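Under the numbering used here, the first residue of the first sequence carries the number 87, and numbering increases by one thereafter. We put the beta carbon where it would ideally sit given N, CA and C, even for glycine. All values derive from a computational prediction rather than experimental measurement. Heads up: the structure comes next, in structure tokens.
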Amino acid sequence: MPELPEVETVRRGLASHVLGRTVARVTLLGHRVARRHPAGPADLADSLTGCRIDAVRRRGKYLWLVMRPPELPGGASACPFALIIHLGMSGQLLVTSPAAPPGPHLRATIEFSDKTDTELRFVDQRTFGGMAVAELVPAPGQPDGVPETLVHLGADPFEPAYSVAAVVEAMRHRDSAIKRALLDQRLVSGIGNIYADEALWAAKVHGQRSCSALTRPALGRVLAAAAQVMERALEAGGTSFDALYVNVNGASGYFDRSLNAYGQAGRPCARCGTPIRREPFMNRSSYSCPRCQPRPRR
DNA sequence: CTTTTCTCCTGTATGC
DNA sequence: TGCATACAGGAGAAAA
Numbered sequence: 087m088p089e090l091p092e093v094e095t096v097r098r099g100l101a102s103h104v105l106g107r108t109v110a111r112v113t114l115l116g117h118r119v120a121r122r123h124p125a126g127p128a129d130l131a132d133s134l135t136g137c138r139i140d141a142v143r144r145r146g147k148y149l150w151l152v153m154r155p156p157e158l159p160g161g162a163s164a165c166p167f168a169l170i171i172h173l174g175m176s177g178q179l180l181v182t183s184p185a186a187p188p189g190p191h192l193r194a195t196i197e198f199s200d201k202t203d204t205e206l207r208f209v210d211q212r213t214f215g216g217m218a219v220a221e222l223v224p225a226p227g228q229p230d231g232v233p234e235t236l237v238h239l240g241a242d243p244f245e246p247a248y249s250v251a252a253v254v255e256a257m258r259h260r261d262s263a264i265k266r267a268l269l270d271q272r273l274v275s276g277i278g279n280i281y282a283d284e285a286l287w288a289a290k291v292h293g294q295r296s297c298s299a300l301t302r303p304a305l306g307r308v309l310a311a312a313a314q315v316m317e318r319a320l321e322a323g324g325t326s327f328d329a330l331y332v333n334v335n336g337a338s339g340y341f342d343r344s345l346n347a348y349g350q351a352g353r354p355c356a357r358c359g360t361p362i363r364r365e366p367f368m369n370r371s372s373y374s375c376p377r378c379q380p381r382p383r384r
């Protein structure tokens, strides 16, 4: 499931393959891939044709390509805008030969006019991912700004604009469980179920502890752990459990071997040997150590 | 406004 | 073997 380290791995791969390319044609398969683009699939494809990819940016789990429109007749230049891409839980961006067989889950293809032996494909089995176009608005630490439809996202821990102190302050005034807060992309973006559980394990905090009941230093430790575990995951090329998360070349990451809590039910805690437990949480699962992360009363 | 629950999807694994 | 059910889960809408 692509969270920040996986999306950053994809971003780097994209930057090395599509930066500077000019879009010749965009083909969208099915309506769901453009469902967050109010003007519809045809408008999405049309608006990209002829544009040059000036940058590949990311905040949290969202990617966007900075698109520079072709010069208008008369030499006037239109403003760059963003092609937002979200991988959802099974989205893949693959750089392939146009001759490669399409496969059943192909949702979009972007062809280039200045490199015809390669194309960019968006493949998404569970269709939670999608694409949309948006204007860019200025944002601190983001050289091209951020898409205006994403201004609600908090900075992620890899951004210069990220402030642990600011997030701790926001969390302290929250009346919800710490794990919910970690997953709330408005506070900190980029954290999903895997890295939330890993951060809580590392900080020895149960996810159902209330934010407002945790001290500032404890909240700081959880956030520091989240940043650290995601940094190490990025070094390993991300976490892959199956073929659903891959980089732009179709390769898996290796961080699943380093997980201490997520998916480890019944296996001994790396610190104390107690079997890791699995508990229902928000119609999903949470994994934690019963001894290192005691459940709060209530 | 804040917080929680529901819904969107499909392939794989498990149970009877 | 065959069918039903659970599970994976990001994010935004809807409900509380």
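Looking at the strands, I want to know which residues DSSP matches up with E365.
Along the first sequence, one-based indexing puts residue 365 at 279. Paired residue(s): S372.
Hey, how far is the Cα of R118 from the Cα of D210?
Taking the first residue of the first sequence as position 1, residue 118 is located at position 32. Taking the first residue of the first sequence as position 1, residue 210 is located at position 124. Looking at the two C-alpha atoms, the distance is approximately 10 Å.
Bridge-paired residues (DSSP) for R144
Taking the first sequence and counting its residues from 1, one reaches residue 144 at position 58. Paired residues: L149.
Quick one, are the C-beta atoms of A289 and V308 less than 8 Å apart?
For the purposes of this step, residue 289 is identified with residue 203 of the first sequence, where counting begins at 1. For the purposes of this step, residue 308 is identified with residue 222 of the first sequence, where counting begins at 1. Taking 8 Å as the Cβ cut-off, A289 and V308 qualify as a contacting pair.
Starting from Q211, trace the beta strand (DSSP E) both ways and give me its first and last residue.
Reading the first sequence from its first residue, position 125 is the one you call residue 211. Where Q211 is concerned, there is no enclosing beta strand (DSSP E), given that its DSSP letter is neither H nor E.
Touch check for the region 215-224 and the region 159-179: three-plus C-beta pairs under 8 Å?
yes
Under 8 Å, do A356 and R364 count as touching if we go by C-beta distance?
Locating residue 356 in the first sequence gives position 270, counting from the first residue. Locating residue 364 in the first sequence gives position 278, counting from the first residue. No.
Which residues mark the beginning and the end of the beta strand (DSSP E) in which R111 is found?
By one-based count along the first sequence, residue 111 stands at place 25. From DSSP, the beta strand (DSSP E) with R111 extends over V109 to L114.
What are the partner residues of V181, as DSSP defines its beta bridges?
Taking the first sequence and counting its residues from 1, one reaches residue 181 at position 95. Beta-bridge pairing links V181 to L206.
S338 and V219 - do their beta-carbons sit closer together than 8 Å?
Taking the first sequence and counting its residues from 1, the one referred to as residue 219 is at position 133. Taking the first sequence and counting its residues from 1, the one referred to as residue 338 is at position 252. Contact flag unset, no.
Are at least three pairs of beta-carbons, each pair with one atom in the region 146-158 and one in the region 120-131, less than 8 Å apart?
no
Mapping DSSP to helix, strand and coil, what is D270?
Working through the first sequence from its first residue, we reach residue 270 at position 184. In the structure shown, D270 sits in coil (DSSP, three-state: anything other than H, G, I, E or B).
Integer-rounded CB distance, given that C297 should sit under 8 Å from S262:
Here residue 262 refers to the residue found at position 176 of the first sequence. Here residue 297 refers to the residue found at position 211 of the first sequence. The Cβ separation is near 6 Å, so the contact holds.
Could you check the C-alpha separation between A252 and R272 for me, to the nearest Å?
The count along the first sequence starts at 1 and reaches residue 252 at position 166. The count along the first sequence starts at 1 and reaches residue 272 at position 186. Looking at the two C-alpha atoms, the distance is approximately 12 Å.
Report the CB separation of Y281 from E94 in whole angstroms; it is logged as a contact under 8 Å.
The residue you call residue 281 lines up with position 195 of the first sequence. The residue you call residue 94 lines up with position 8 of the first sequence. That belief does not hold up - the Cβ atoms of Y281 and E94 are roughly 12 Å apart, past 8 Å.
Between A247 and L300, what straight-line distance do the alpha-carbon atoms span, to the nearest angstrom?
Residue numbering aside, residue 247 sits at position 161 when the first sequence is read from its first letter. Residue numbering aside, residue 300 sits at position 214 when the first sequence is read from its first letter. Rounded to the nearest angstrom, the two C-alpha atoms are 24 Å apart.
Taking 8 Å as the threshold (C-beta atoms), are V334 and H103 in contact?
Walking along the first sequence from the start, residue 103 turns up at place 17. Walking along the first sequence from the start, residue 334 turns up at place 248. Cβ distance < 8 Å, so H103 and V334 count as in contact.
For R107, count the other beta carbons within 10 Å of its own beta carbon; 16 or more makes it buried, fewer makes it exposed. Which is it?
As a position in the first sequence, residue 107 is number 21, starting the count at 1. The residue in question, R107, is buried, as its Cβ has 16 or more Cβ neighbours within 10 Å.
Would you decide whether E221 is buried or exposed? Buried here means 16 or more other CB atoms lie within 10 Å of its CB.
As a position in the first sequence, residue 221 is number 135, starting the count at 1. Result: exposed.
Name the residue from P354, D342 and E321 whose alpha carbon lies nearest to the alpha carbon of R98.
For the purposes of this step, residue 98 is taken as the residue at position 12 of the first sequence. Taking only the C-alpha atoms, the option nearest R98 is E321.
Determine the closest residue to A285 out of T235, Q379, A256 and E197, with distance taken between C-alpha atoms.
Stepping through the first sequence from its first residue, residue 285 is reached at position 199. The alpha carbon of A285 has as its nearest neighbour, out of T235, Q379, A256 and E197, the alpha carbon of Q379.
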